[in-house]
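Once you know that position 100 of the sequence shown is 100 in UniProt numbering, the rest is easy, because the numbers rise by one and skip nothing.
Each remark here refers to the structure printed beneath this line.
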Amino acid sequence: MDPKDAVQRFQYGEHIKTALITASQLEMSLPSYPEKDRAGGQKMLIALLEGIRGDAGVAYQRTEEIMFQNSSSQLSTAISQIESGEYESAAVTIGGAVSSATTAAQKAWEYLAEHGLI
Numbered sequence: 001m002d003p004k005d006a007v008q009r010f011q012y013g014e015h016i017k018t019a020l021i022t023a024s025q026l027e028m029s030l031p032s033y034p035e036k037d038r039a040g041g042q043k044m045l046i047a048l049l050e051g052i053r054g055d056a057g058v059a060y061q062r063t064e065e066i067m068f069q070n071s072s073s074q075l076s077t078a079i080s081q082i083e084s085g086e087y088e089s090a091a092v093t094i095g096g097a098v099s100s101a102t103t104a105a106q107k108a109w110e111y112l113a114e115h116g117l118i
């Protein structure tokens, strides 16, 4: 890892983590929606998760950090779980995606700190 790569990894990791935390909060509220509103909420949440999954895919392509690929894969699983109404399982899976993004950002942060760049 070089400084430029570390900065990219950190930025992608923080962006994805923040977006996933927001998505997680939305996902946890979905079961409380009135039945007539739940399908629309589910569609919006899936669209958001698909966007974040795309960001994780780009992050992996540009940095080759496997944790971004892990986040992307976990989001594919979470999307399927939400489509099936398995909201509790999806919450756990999204949590795993947050953890993967956090790990990527943390590794980059450590590199930057070790080299006196932050």
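Backbone N, C-alpha and C define an ideal beta-carbon position, used for all residues, glycine too.
{"query": "Between residue 161 and Gln-74, what straight-line distance do the alpha-carbon atoms span, to the nearest angstrom?", "result": "Here the chain has residues from 1 to 118 only, and residue 161 is not among them."}
{"query": "DSSP three-state call for Pro-3: helix, strand or coil?", "result": "helix"}
{"query": "Distance check for Ile-82 and Gln-69, CA to CA, integer angstroms please.", "result": "20 Å"}
{"query": "Count the other C-beta atoms from every protein chain shown that fall within 10 angstroms of the C-beta of Asp-2, then say buried if there are 16 or more, exposed otherwise.", "result": "exposed"}
{"query": "Should Ser-32 be labelled buried (16 or more other beta-carbon atoms within 10 Å of its own) or exposed?", "result": "exposed"}
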